Every structure is written in C-alpha cells, then in structure tokens.
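Worksheet: the structure to be examined is printed underneath.
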Amino acid sequence: MVNETSETLLRWIPLLPLLAAVFHGIAIGVVRRSTPRTIVIALSCGSVALSFVISCIAFIKLIDIPPDASRVLVDPLYTWFGAGIGTTRFTADLALRVDPLSAVMALVVTGVGSLIHVYSVGYMDDDHRDDRGFQRFFCYMNLFTFSMLVLVLADNLVLMFLGWEGVGLCSYLLMGFWYSDRHNAYCGSKAFIVNRVGDFGFLIGIFLLFASFVSAGVPAGVGFADIAQNFAAIADRTIATPWGTTWRLVDVIGLCLFVGAVGKSAQIPLYVWLPDAMAGPTPVSALIHAATMVTAGVYMVCRLSFLYSAAPLASEVIAWIGALTALFAATIAIAQTDIKKVLAYSTVSQLGYMFLAAGCGGYTGAIFHLVTHAFFKALLFLGAGSVILAMHHEQDILKMGGLRRRIPLTRVVFFCGAYAISGFPFASGFFSKDEILATAFAAHVPGHEALYAIGLLTAGITAFYMWRLYFLVFSGETRAAKDVYEHAHEPSPWVTHPLVPLAFLSLVGGLLGIPQIYGSVFGIEHVHTLSNWLGAVWPPAPAHEVARETELLMTGAAVAIALTGFAVALQLYYARPELPARIAARLSGLYALVANKYYVDELYDAVIVRPLVRLSDAVLYRGVDAALIDGTANGLASAVQLFASGGLRRLQSGLAQGYVASMLAGTAAILWYLLR
1006 MVNETSETLL
1016 RWIPLLPLLA
1026 AVFHGIAIGV
1036 VRRSTPRTIV
1046 IALSCGSVAL
1056 SFVISCIAFI
1066 KLIDIPPDAS
1076 RVLVDPLYTW
1086 FGAGIGTTRF
1096 TADLALRVDP
1106 LSAVMALVVT
1116 GVGSLIHVYS
1126 VGYMDDDHRD
1136 DRGFQRFFCY
1146 MNLFTFSMLV
1156 LVLADNLVLM
1166 FLGWEGVGLC
1176 SYLLMGFWYS
1186 DRHNAYCGSK
1196 AFIVNRVGDF
1206 GFLIGIFLLF
1216 ASFVSAGVPA
1226 GVGFADIAQN
1236 FAAIADRTIA
1246 TPWGTTWRLV
1256 DVIGLCLFVG
1266 AVGKSAQIPL
1276 YVWLPDAMAG
1286 PTPVSALIHA
1296 ATMVTAGVYM
1306 VCRLSFLYSA
1316 APLASEVIAW
1326 IGALTALFAA
1336 TIAIAQTDIK
1346 KVLAYSTVSQ
1356 LGYMFLAAGC
1366 GGYTGAIFHL
1376 VTHAFFKALL
1386 FLGAGSVILA
1396 MHHEQDILKM
1406 GGLRRRIPLT
1416 RVVFFCGAYA
1426 ISGFPFASGF
1436 FSKDEILATA
1446 FAAHVPGHEA
1456 LYAIGLLTAG
1466 ITAFYMWRLY
1476 FLVFSGETRA
1486 AKDVYEHAHE
1496 PSPWVTHPLV
1506 PLAFLSLVGG
1516 LLGIPQIYGS
1526 VFGIEHVHTL
1536 SNWLGAVWPP
1546 APAHEVARET
1556 ELLMTGAAVA
1566 IALTGFAVAL
1576 QLYYARPELP
1586 ARIAARLSGL
1596 YALVANKYYV
1606 DELYDAVIVR
1616 PLVRLSDAVL
1626 YRGVDAALID
1636 GTANGLASAV
1646 QLFASGGLRR
1656 LQSGLAQGYV
1666 ASMLAGTAAI
1676 LWYLLR
C-alpha cells in the first residue's frame, strides 16, 4: 500500500538540488551577475539538507508499512515514452521508487552529501586559485547530487541510465574544475572516456534484456518490478556462441550490465580513471569516492539481485573481479606518496570488497560496507583536505610529519577514520568487512576459500597502508619546510565541523549490522538491523553452513591480520622511520613496480591510446577531415573561383552593346517559355 503523501513528496528529493543547480546556471550563464555568497551557500547546502530531511520522512513512512506488505513507495510523474503494441510495447515511465534499498542509498547520498557541501564552503573559500568559480563549483555539486539521486531512486533501467550518465558528466566537470591546468583537463577527459567504455556494455545489457522479453512474448517494460515479474520467461534461455558453445542468456545479460559497473565503480581493468579524480578539489574527491559515483555500480548489481542470483557465471566473475581488484589496488596504495592517491586506491580496493560480497550472494554485506565506507572514506578525504589546507596545498606525505601538534582536531578524526577502515573492533569497518569475509567463506562459488583468503590478506594490507599514511602525516618530527609547518593551523569551522559527525558515524555505524553471533551471546534475536530491513529486497542466496566456532575463528583471524598490518606500520614509520628507505633501496625494482602502479597506465597508453591516436590521425584527420571534407570544400571553392575568374569575368566586359545583347537574349528566352 502506497502512502499518497509520500508519492508527492518523493519527487522533491532529487528536484531540490536540481533547482539549486538551475538557479546557479542561470546566474552564471544568462544573468552574468555575481550572486551574493550567502545566497549561493544557502541554496546549495540547504537544498541537499532539505533533500535529506525528505529522505528521512520517506524512510519513516516505509517503516510504518507492515513488513508483510510491499514496502515500496512510487511517485509516477508521467509516461516518459513508449513504442510498439502488445508484447512488443516498450514503455519507460518517469517514476521514482523508494523501497528499503533505495531509501538507504538516498539517506547516504543526501546525508553524507550535505556534510560535504558544508565542508566545501570552507574549502573553496580558503582556496584562492579560482575565486570566481565559487558558484560554478556549487552548481556542479548540486547537479552531481541530483544525478546520483535520480540513479538510486529510478523506477526503471532507462531512468537509471539517465542518472548514470549524469554522474559521469558531472564527474568530468568537477575533475576538470580548474580547467586552466592542462593536467586537470586531461584527467577529466580520461575519466569521461574510460566510463564510456563501461557505459557501452551497460547499454548492450539493457538492449539484450528488452530483446529477450520481446522474443519470449512477454511485456517488455523496463521497470524493475516489471523485469522481476517477467524474468522467469527468460531465466532458462540459452544463446549459441560463434565458437560452438552455448551460454545462458541471463549470464550474458548480467556480464554486459556488469561491464558498466566495472567502469563506473573502477574495477579491473577500467579502474585507471579513479585515481585521476584527485585532480579536482578535495570535496569532489570525497563526493565521488564516498557518496555518489563509484557506488553506482555496486547499487546496480544489488538492485538487479534477482537477475544475478539466477546467473551463476556472471556472479562468479563479479566475485573474482572484486577480490582481485581489492588486492591489486591495496598493494598499489602501499607505495603512494600523495595523500589523496593513497585514499583513491583505497577506494578502488574497498569497492572490490563490495563486489566480492555481491558476487557471493551477500548483497546485504555489499550495501552494509557501502554505507560504512561512505562514512569513513568521506571522513578520510575531508580530513586529508584539512591537512592539505593546513600545509598550503602540499599533498606529498613525505613532506609532512609532526602535524599532531598543529592540527589536533584533524588528527583525532583522521585517527577515527583509520581505525574504522582497518577493521579494528568495534568500529563500522570491523562489522561490514567481517560480514564480507564470512560471506565469501560460506559462498557457493567455485574457489570460495581462495576468495576468502584474498579478502583476508587485503584486510592486513589495508591496515598497513592506512596506518603508514597516519604516521607519516601526524607522527614523528616534521619534514615540512619550516615556514610551512609554523604557519600550519586548523582550517575554518566550515571545514572542521563536518568531520565530527562523520567520525562518530565511522565508529558507531557498524551497529546497523551487528552479526547474529554477537546477539546470540546476549540472547538477542534479529540483531542485524540492516539485514532485517533489506532482506525482502533480494532472493535468498545458497551458502554453506558455518559453525559458530568457525565464525569466531574467522573474526579472530581478521582482527589478528589487521593488528599485524598496524604493527608493521608502527615499526616502520613510527619506531624506526629510517627503515622504509633502506627496504625500498634493497628492493628497488619491486618498489618501483608498485610505486608506478605496475605501469598499467603506461601499458594502456602504449597498447591502446597511442595506436588509436595514430589511427585517428591517419584515417579521421588526414583521410576524412583533411582529404575528404577539406578537399571537397577547397575543391568547390576553387571551381567557383575558376568559373568566376574565367566565365563571369568575360561577361562583365564593360561594353554596352554586350549588355544589350544579353538582355535581348534573356527576354527572348522568357517569351519563348511563356508562349510555347
């Protein structure tokens, strides 16, 4: 049963940030007058905060619906477009959907997004490289939030794709915000192009899904409810491959859709764009990495859980891609010296954890880690921004150190973020990471033991690189220039105040998903709140039975390996800070390999980018543009010039008798035509 008030209210969740973005766009592009900063701040921050309030109201209304009823609120604005008749009819409504899953996502996007918007006021106020871009920045930020809200609240795949492309566009605009720097413009273009590769796969998946329904003779609606209702008609279908084998159709569709998730959520092999997102202002990095764009792929896979639960091959690929990405990116983070690059590769790794869970059927674990990751990764990025402001925009952690005395509040909240992401008891990352590892251990996926081992190893590496970052920035003696260090101080309250609630959520956010094993100790049933809330959204996944003693051993192993990573970082970067340089010199080849990110960017540049540039230069530029288009235009111009300089010049002789003869000939021709 749908609450009528909620139907009208839902549209305002994405509409408010859009209206703010439109106002800024008109002020910048049409009116061309500077808007008072107070109005810019009130509109930008207020619109997202109000969207959060409305999301909370929708969430409460969902809670009021009995669990045995359909907990879905739908706001159908109008039929967007439709074509065909009967079972071949294709329709897509402009409709918003709030169910337990999208409600959680809306709260994360608007809640964390509100704090990032507030933080942005202080950050962009203190950053004087582009004062005139203050309103332009918030225009892009509001548009980014709107696009992500459309993505998570969309009632169908077509509207989701609109939001999907919207966040891609906004990421391009924000990464290249300081467009006068060619590197920033390049990073924005790189992200945009790499994401188009994934988006092509996503589109193919949507087309295949629609075509499959048409060929099966069932209504081909693209609404999630329609797809779930008619999915049984194509669940057992197969297609023949050119090499003589057959694949299940749902596996092919699932893999195509997952290609889109690989691009958007920066998984192997399309992860190379995300570290370059650091080119934009730090609040942009926080918004992309914590609350918006990169979580879109995880959300899409979980939203289509009914499809992936029937596609074992696609799910297996998702699990292995996620596990390998988690480990691969974590090893790269070990040797990075840019504070934001460390966190960027950390994001790639943590997203791999989420896909590992989703591929193993642990959709609740994936969303749980998405939520906790939003808390501590937003905190870490915003904390890094506070450090960067204090250090006058220095980002090299080898030129920091000793900042605990200069920015104590930032140090405390950064400690909370590092504690949470490391999976230490009993912070948010502890519960969500353990749930992912437990899901991998018990999954009905080939090689699930290896998946668990990779996840466990990655947990230790995560703790190591995170505490390495913490010790290099805040501990020991400073390595910064004397004048920079002496002038380092906490930024404005606009910057520091949003860090406090994020630190609190990073520590206690895990209470949303306390494993039942802890509830059983105190005789409490259904202690996993998030699992109870999301359980009805997706089908049950088969899993091996795991004894309680084994669960406790796995928890102990996770804590032990996290503490090991912490201990190694403590020894190398706090107790004996001279050791890392010696180790790097002794293992110079391996260190260079990891520090240079395994030369994957260079490989892509040599194998893909440069050949395509040469091909486009030879075919498109020299062949099509220069030879065909320019040749045709220049040839026509030369022909006209030749005709004008030859024939027409002779006609313009200047002799009166010639003109009279021409007039008589023309008059005779007209009379002949009229009288014939």
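Oh and the sequence shown: position 89 is 1094 in this note's numbering, straight run, nothing missing.
Ideal placement from N, C-alpha and C gives every residue a C-beta, glycine not left out.
Please read these numbers as outputs of a predicted model, since none were measured by experiment.
Per the DSSP calculation, residue i is bridged to which residue(s)?
i: GLY1228; result: ASN1161
i: ILE1244; result: TRP1252
i: TYR1083; result: LEU1099
i: ASP1401; result: ASP1343
i: LEU1078; result: VAL1103
Could you give the distance in angstroms between the alpha-carbon of residue i and the alpha-carbon of residue j?
i: PHE1212; j: PHE1436; result: 38 Å
i: PRO1081; j: ASP1098; result: 7 Å
i: GLN1341; j: ALA1447; result: 34 Å
i: LEU1015; j: GLY1514; result: 26 Å
i: ALA1233; j: VAL1255; result: 13 Å
i: GLY1370; j: GLY1434; result: 11 Å
i: PHE1064; j: PRO1105; result: 8 Å
i: PHE1143; j: VAL1299; result: 20 Å
i: GLY1390; j: PHE1236; result: 46 Å
i: ILE1402; j: MET1305; result: 36 Å
i: GLY1087; j: THR1096; result: 4 Å
i: VAL1303; j: VAL1267; result: 9 Å
i: ALA1026; j: ALA1271; result: 27 Å
i: ALA1395; j: VAL1264; result: 40 Å
i: PHE1429; j: ALA1455; result: 23 Å
i: ALA1291; j: ALA1349; result: 10 Å
i: THR1287; j: SER1125; result: 8 Å
i: PRO1280; j: ARG1553; result: 40 Å
i: GLY1206; j: SER1354; result: 22 Å
i: GLU1482; j: TYR1579; result: 10 Å
i: ASN1161; j: VAL1045; result: 33 Å
i: LEU1174; j: GLY1222; result: 36 Å
i: ALA1458; j: LEU1164; result: 39 Å
i: VAL1392; j: LYS1404; result: 12 Å
Keeping to the same chain, check which residues put their C-beta closer than 8 Å to that of residue i; ignore five residues upstream and five downstream.
i: TYR1492; result: The displayed chain sequence assigns His, not Tyr, to residue 1492. Once the five neighbours on either side are set aside, the close Cβ partners of HIS1492 are HIS1397.
i: VAL1599; result: THR1336, ILE1337, ILE1339, ALA1340
i: ASP1343; result: MET1283, GLN1400, ASP1401, ILE1402
i: ALA1508; result: LEU1384, VAL1417, VAL1418, CYS1421, GLY1422
i: LEU1329; result: ILE1273, GLY1357, ILE1459
So, for residue i: in the same chain, excluding its five sequence neighbours on each side, which residues have a beta-carbon less than 6 Å away from its beta-carbon?
i: ASN1601; result: none
i: PHE1479; result: LEU1408, ARG1409, ARG1416
i: THR1150; result: PRO1022, VAL1053, GLY1118
i: ASP1543; result: At residue 1543 the sequence reads Trp, which differs from the Asp that was named. Once the five neighbours on either side are set aside, the close Cβ partners of TRP1543 are SER1310, TYR1368.
i: PHE1060; result: The residue you asked about is not Phe; residue 1060 is Ser in the sequence shown. Result list for SER1060: ILE1018, ALA1111, LEU1112, THR1115, in chain order.
Quick check: is any heavy atom of the ligand ATP less than 8 Å from the C-beta of residue i?
i: PHE1212; result: Only the bare structure without any ligand can be found here, which leaves the ligand ATP out of the picture.
Terminal residues of the continuous alpha helix (DSSP H) containing residue i?
i: ARG1187; result: 1187 to 1221
i: THR1555; result: 1553 to 1575
i: ASP1606; result: 1605 to 1609
i: ASN1537; result: 1534 to 1539
i: HIS1453; result: 1453 to 1479
i: ARG1416; result: 1413 to 1426
i: SER1511; result: 1504 to 1513
i: VAL1489; result: 1487 to 1491
i: PRO1616; result: 1615 to 1620
i: VAL1612; result: No alpha helix (DSSP H) holds VAL1612; DSSP gives it neither H nor E.
i: ARG1587; result: 1584 to 1591
i: PRO1520; result: Neither: PRO1520 is in no alpha helix (DSSP H) and is coded neither H nor E.
i: THR1501; result: 1498 to 1501
In its own chain, which residues sit with a C-beta less than 7 Å from the C-beta of residue i, not counting the 5 before and 5 after it?
i: ASP1136; result: With a pLDDT of only 48 at ASP1136, under the threshold of 50, the placement of this residue in the model should not be trusted; the figure read from the coordinates follows. Here the set comprises nothing.
i: ALA1004; result: Residue 1004 lies beyond the stretch modelled for the chain, which goes from 1006 to 1681, so this question has no answer here.
i: GLN1646; result: none
i: TRP1252; result: THR1243, ILE1244, THR1246
i: PRO1582; result: GLY1481
i: ILE1566; result: LEU1461, ALA1464, GLY1465
4 or more residues per run - each alpha helix (DSSP H) lying fully within the segment 1290 to 1375: Runs found: 1301 to 1308, 1310 to 1313, 1317 to 1339, 1344 to 1364.
Alpha helix (DSSP H) runs wholly inside the segment 1017 to 1072, at least 4 long, in chain order: 1017 to 1031, 1042 to 1069, all fully within the segment 1017 to 1072.
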